[in-house]
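Undergrad: A single structure is presented below for examination.
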Amino acid sequence: MRISEATLVLRGFEVQASIGIHDFEKAAPQRLLIDIELTLNSAARPEADHIDHVVDYDFLRTETAKLLTARHYELQETLCHDIAEFCLARSEVRHVSVYSRKPDVYPDCESVGFRLMASK
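Position one of the sequence shown corresponds to residue 71 (my numbering), numbered consecutively onward.
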């Protein structure tokens, strides 16, 4: 079997975040949904069926949560860039897609968001 690409996916990570430019967004944390996809350098089968032989997706959740609790973000664009930077700092990652969306800002929209794709 020939596998051409391997992608690690974190979809629908829901967090309470201090993000936004409006006064009501600065007054209290709001719901934020984040999707991250990492395209890995290797699509090879892991050497062993053990977490040490793959990219552990826990780091995506942990590092993203750290970013969101460290400060207030004015813009989703800035947050997505920061997430992309820590993902691409991993040697195993060659491409990242980050999508952040705020589902509760406007009553007539499912969500408003920003998507970023970056490569090494």
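Note that the Cβ used here is the ideal one computed from N, Cα and C, for glycine as well.
Out of His151, Phe94, His92 and Glu162, which has the shortest C-alpha to C-alpha gap to Thr109?
TA: For Thr109, the nearest C-alpha among the options comes from Glu162.
Undergrad: Quick check on Leu130: buried or exposed, where buried means 16 or more other Cβ atoms within 10 Å of its Cβ?
TA: Counting Cβ neighbours within 10 Å, Leu130 comes out buried, since at least 16 surround it.
Undergrad: From what residue to what residue does the alpha helix (DSSP H) around Ala113 run?
TA: Where Ala113 is concerned, there is no enclosing alpha helix (DSSP H), given that its DSSP letter is neither H nor E.
Undergrad: Mind checking which residues open and close the alpha helix (DSSP H) that includes Val131?
TA: Residue identity check: residue 131 is Arg in the sequence provided, not Val. From DSSP, the alpha helix (DSSP H) with Arg131 extends over Asp128 to Ala140.
Undergrad: Spatial neighbours of His151 within its chain, please: C-beta separation below 7 Å, excluding the five flanking residues on both sides.
TA: Leu186.
Undergrad: Where does Ala188 fall in DSSP's three states?
TA: If DSSP states are grouped into helix, strand and coil, Ala188 belongs with the strands.
Undergrad: Taking Tyr169 as the reference, which of Thr148, Thr139, Tyr176 and His92 has the closest Cα?
TA: Per the Cα distances, Thr148.
Undergrad: Is Ile106 closer than 8 Å to Ile153 when the C-beta atoms are compared?
TA: Yes.
Undergrad: Which two residues bound the contiguous alpha helix (DSSP H) that contains Leu78?
TA: Leu78 -> not in any alpha helix (DSSP H); beta strand (DSSP E) instead, spanning Thr77 to Ala87.
Undergrad: In whole angstroms, what separates the C-alpha of Arg101 from that of Asp174?
TA: If you take the alpha carbons of Arg101 and Asp174, they lie about 7 Å apart.
Undergrad: Considering only C-alpha positions, which residue in the set Gly82, Glu95, Ser112 and Ala98 is nearest to Ala76?
TA: Residue Ser112 is the option with its Cα nearest to Ala76.
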